[in-house]
Amino acid sequence: MNLSQFPFDQLSPQFIPFQYNNKHNNHDNNSSNSTQPSIIQHPKSIRSITVDRCSNFVTSGVNGSDINLLSQLYKARTDSEEYISLLVYSVPDLKRIPFEEAIRQEFRPTQLGEWFGPSWSTHWFHVRLRIPEEFVGEEVHFIWNSDNEALIWSMEGLPLQGLTGGAGNDARLDYILTTSAQGGEIIQFYVEMACNGMFGTGSGLIGPPDPNRFFNLHELELVVPNKLAWDLLHDFQVIIGIGKDFPEDSVRGSQALYTANRIMNVFSAGDDRSIVEALKISREFLNAKNGDAQHEVYAVGHCHIDTGWLWPFEETIRKCARSWSSQINLMDRYLDYKFICSQAQQYEWVKENYLLLWERIHEKVAMGQFVPTGGTWVEMDTNIPGGESLCRQFLLGQRFFKENFGKRCKIFWLPDSFGYTAQIPQLMKLADMKYFFTQKLSWNNVNKFPLTTFWWIGLDGTKILTHMAPSETYNAQCTPEELTRSVKNHRDKVFSNSSLLVYGNGDGGGGPLASMIERLRRMKDVDGLPKIKMASDIEFYEQIEKTANELPFWKGELYFELHRGIYTTQSLCKKLNRSCEFLLRDLEMLATFAYLKYPESFQYPRETINEFWKFLCLTQFHDVMGGSAIEMVYDDCLQLYTKIDVLGKQMRNEYLAKLLNLQEEPTLDDTKALAIINTLPWERTEIVTVPLNEGLPKLTQYSAFGRSAYVLVNKVPPMGSKGYSFKEQLEYEPVKIKMDQLNHIVIENQFIQVTFDQSGHIVRLFDKQVERDLIRPGECGNEFKVYEDIPLFWDAWDVEIYHLEKARRVDQGSVQILEQGPLRVSLLIEKQISEFSRLRQIVVLTAVSRRLDFETEVDWNENRKFMKVEFAWDILTDVATYECQYGYVQRPTNYNTSWDSAKFEVMAQKFMDLSEFGYGVALLNDCKYGCSAFQNSMRLSLLRSPKAPDSNCDLGHHTFKYAIYPHPDHFLQSDVVQQGYNFNAPLLASVTSKSRIHEVDYAVPQFTVENAPNVILDTIKLAEDSNDVIIRLYEAYGGHAKARLISSRVIEKISKCNILEEVIESIPIINPTNPTNVSRTFSKNLRVLDDDIVELEQQRQINEGTIIRFKPHEIVTLKLSLI
């Protein structure tokens, strides 16, 4: 081949491509017009081949990658130890130590290529660099890649930037040392290496952690970037994105491929002038502008950090520092860049552990670049936590943001949680929030959610402006495909022609990369793409409010059609969550009562209670509460639950003793009595269990195991106390037990008769009051089934629709009588679930309740199995009722449509109910959330056994309770809600002396609700910023109410407030200090004094109470100033 025919640059031996549009290359001899198009001198390009060629042009490790664009990104580089010196200190025992402690340790020499580990260990490096003289005047970067996470610290202890190892799009490997090197200068800093990747230490995305992973420091360099090549790379990524992802018949897509091809043809490795020419071509394409009617995308920088997931909480603290320091670094470089960040817990961690970084965050918040959002303590699950827990998420979060940044959040930011309860809109409004964001429903695996920008209307009718990012991600990479997807998937474009793009790498990826911002800048206004605006989240929502004339709406819960297994996974976590919620409820209530009774001597434990709530709210993070985290996270949670449980119960006992005067020593020979406190707002008659102590008289019935006795207590006042003599004889109809002709066991009380077969199934339930059988022939209740449970991928998260096709009934079992009355009867049911698992259950029926309890223990050692207990009733209904926070939702009992079928596994709080006209049956629980109903059957989900990301998930011993509660009348006319509380909040009993019985009756200040059986008084506490009393109530059944709030203490003022405890409106009361409507009568022999009138008015207020009006499903928070 004669190379002389190819032109070369005389200054450097580089190939120069032909300029095909040159008029001298026009071989059309019939044309004299030099401006006419030339004839191409090569075959017409093939689209698929061009796309692959373009991909190779910007990909490493492919054919020709040594001379493609990536090969030109650095002008100079060195890894020589002449310029890079490393010392290391490896922290023992997997400890995570602060900067100040680390730098005092003894460091040893190390170098490129050394391995570090094991998993979760920490290694501190002292890095000393000397900039080569050849780099003078250049921008110099430090490259570090150890395939794990790291943080660069200044010598003074300021976190400078996070590093994310690896080779993917989420890698963050370089740190800018100087923008203009002097040559020869010395730069020093520290690197804190964490031996875990972005997603922990497991195999694949969700594999259980490997405790022995080691990481190699395989890249360690000083480099000088070729800015021209980087500019071309960012241009080319946008152009090829348009060419590849636009439809084949798209004009703009075809133009993009043609442009990309021209760029590759003009490019020559090693010749920056070819890059300049390529940039001219790319800018010509990118400078074509949009029309005015084009869709507008608001781009928001974001870093979704799971507060606990595939790493423990302590590692999350470091992930926050790594990620947020990286973002502040970007803010310094890009002044128009804005970054949003949620979760007050993470802010508090940074504030406590990284003071210098916290100061920089404050600086950027003031500049409007670092934007706090979210308004809650963590991005919590919204289905499993109780109503008061959700209130505390908002209360703790909003108070933190207000106290630390001067304002509250307006957007409830919850992109990744697994479905959204129907009461969220009302709670948001009561937390001073206006807007809601998520995208999780885009993951639905049955139905596509039909809305993008819409009004979400909650259970009570509150509406909230809601947006679900049509890009269907909160980790966008800022590609043309994501922008076009934002338009394509936007289902409400007719109403609103804009959408939110949430971009950045989460979970240790450190948020957005500089390359993302560079691509956004290039796509700001490019023909064929939506317009881009870098903005904050609040700017987007405010724009919607201003420009949208009308929007569609969605009423009720936002049910997530995936991850249905999270209602059941990690059973112990869910049990402790429920018990801690009720313990904190008791604790706050009793502490409030103690303060009201002893205002001078009792110190309300506000700080301790808030700390407990922070612990509990932390564990309610969606991946933690949902059961989809690693075992280490649940070890952390167990420590937090234990603190709440042990200290909380100790405090509760102290407050009970103070209220009941139990600290005083009883008089000699004083006989024993029983003090009962009822923390629920209605009168209760129940059988209580009393531990056997010395000095107790002979009692009516003892437990089968001889460790306790049973006592009937009747008419315990609402939120009050009562004393009982053990010798007091109360009238009741004893509970009975017998065997029938089929050798079945029959138990009955004055309300119901229940028949168990020899395997422990309920084969008959007869309501004696209404004379009705509740089980059809051939059907039964308390039937255990074990389902095969092998999801497609998300092991801990999912239970798939096909699991219902493959089940095994647990038939093998035995039943024996434990207790025979007269106060209660009990049966012992034992079942062999499998070769590896067994169940033991005590069934209890008392003399005074129609509730049938099942106290259950399970030794569970299964592999991907799912156990449920099922009950079939002779009830006809198309819907089942499930309790949610502060109300209920109804879901279908059939599979008529795909929307119905998708709800084959749902959740409930304390109960679910099947009712028809005149009758219903409720299934209560003390810690279970997953459940379902099909036709006339109820299923309560008990235990799962997934293997990832926790390989030991739910293996071992479990205890839990459930109960059935048959009730005359439909659910709406029943007391099922109250029974759910009774089942979870037993009466509190203490042994005292008989001489104090009458003192006990008046020991507790009372707050009760009358004239409104549909209103529940849920919470009593002291206010956050005063000693006023906060009372939270709600309407539970979906109707209006005119309730009377009765207080045993005189009320000076009542205000209706939000859950942040800000006054909304005053509520009229009988004024006890300034009576205006009192008729004064004087006579010669009697003069009524003003003090007497005041006392009369106070007593009238106590007797008559205060009227509080409720709308259906309304949550009402009251602030009471007491005299």
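Quick note: the sequence shown uses the working numbering, first residue 4, plus one each step. Glycine included, each C-beta is placed from N, C-alpha and C at the ideal position.
- Note on geometry: alpha-carbon atoms of Asp510 and Asp173 lie some 10 Å from one another.
- In the three-state scheme derived from DSSP, where H, G and I count as helix and E and B as strand, Met635 is classed as helix.
- By the CB criterion at 8 Å, Ile1033 and Glu1055 fall outside the cutoff.
- The C-beta distance from Ile690 to Val851 rounds to 6 Å, short enough to fall under 8 Å.
- Annotation: Glu908 to Gln982 spans about 24 Å, alpha carbon to alpha carbon.
- Between the alpha carbons of Trp446 and Ala79 lies a distance of about 45 Å.
- Tyr544 is the residue among Tyr544, Leu223, Ile155 whose C-alpha sits nearest the C-alpha of Ser502.
- Secondary structure note for Thr319: it is in no beta strand (DSSP E), and the uninterrupted alpha helix (DSSP H) holding it is 316–336.
- Between Ala551 and Leu504, the CB-CB gap reaches or exceeds 8 Å.
- Residue nearest to Glu136 within the set Thr81, Gln893, Asn664 is Thr81 (criterion: CA-CA distance).
- At the C-beta level, Tyr193 and Trp127 come within 8 Å of one another.
- Distance from the CA atom of Leu176 to the CA atom of Asp150, rounded to whole angstroms, is 10 Å.
- Closest by C-alpha distance to Leu768, out of Asp776, Ser762, Gln761, is Asp776.
- For the alpha helix (DSSP H) assignment, the uninterrupted runs of no fewer than 4 residues enclosed by the region 330–412 are, from N- to C-terminal side, 347–356, 358–370, 390–408.
- Runs of the alpha helix (DSSP H) lying entirely within the region 952–1024, each at least 4 residues long, are 979–987, 1000–1003 in chain order.
- For Gly933, the enclosing beta strand (DSSP E) has its first and last residue at 933–937.
- One thing to note: Ala799 has its Cβ within 8 Å of the Cβ of Ser631.
- Going by C-alpha positions, Leu561 is about 34 Å away from Arg325.
- The three-state reading of DSSP puts Asp862 in strand, counting E and B together.
- Rounded to whole angstroms, Cys344 and Pro101 show a C-alpha spacing of 24 Å.
- Beta-carbon to beta-carbon, Cys412 and Phe421 are separated by about 22 Å, too far to satisfy the 8 Å threshold.
- Within the region 770–845, there are no complete alpha helix (DSSP H) runs of at least 4 residues.
- In its chain, beyond the 5 residues on either side, Leu715, Ala850, Val851 have a beta carbon closer than 7 Å to the beta carbon of Tyr735.
- Around the CB of Gln888, 16 or more other CB atoms lie within 10 Å, so the residue is classed as buried.
- Taken through DSSP and simplified to helix, strand or coil, Arg710 comes out as coil.
- Separation of the CB atoms of Leu695 and Ala712 is rounded to 6 Å, and the pair is thereby assigned contact status at 8 Å.
- Assigned with DSSP and collapsed to three states, Tyr423 falls in strand.
- As DSSP reads the structure, Met537 sits in a beta bridge with Ala302.
- Excluding its 5 nearest sequence neighbours in each direction, Met431 has C-beta neighbours in its own chain below 7 Å: Phe415, Phe439, Ile467, listed in chain order.
- Around the Cβ of Trp327, a 10 Å sphere holds 16 or more other Cβ atoms; the residue is buried.
- Of the candidates Tyr644, Thr571, Arg107, the residue whose Cα lies closest to the Cα of Phe585 is Tyr644.
- For Asn681, the uninterrupted beta strand (DSSP E) run begins and ends at 675–681, by DSSP.
- In the DSSP assignment, Val241 forms no beta bridge with any residue.
- Ranked by Cα distance from Tyr598, the options Met370, Asn1030, Trp314 are led by Asn1030.
- It is roughly 37 Å from the alpha-carbon of Asn1017 to the alpha-carbon of Ile748.
- Going by DSSP, Gln164 is part of the beta strand (DSSP E) stretching over 162–167.
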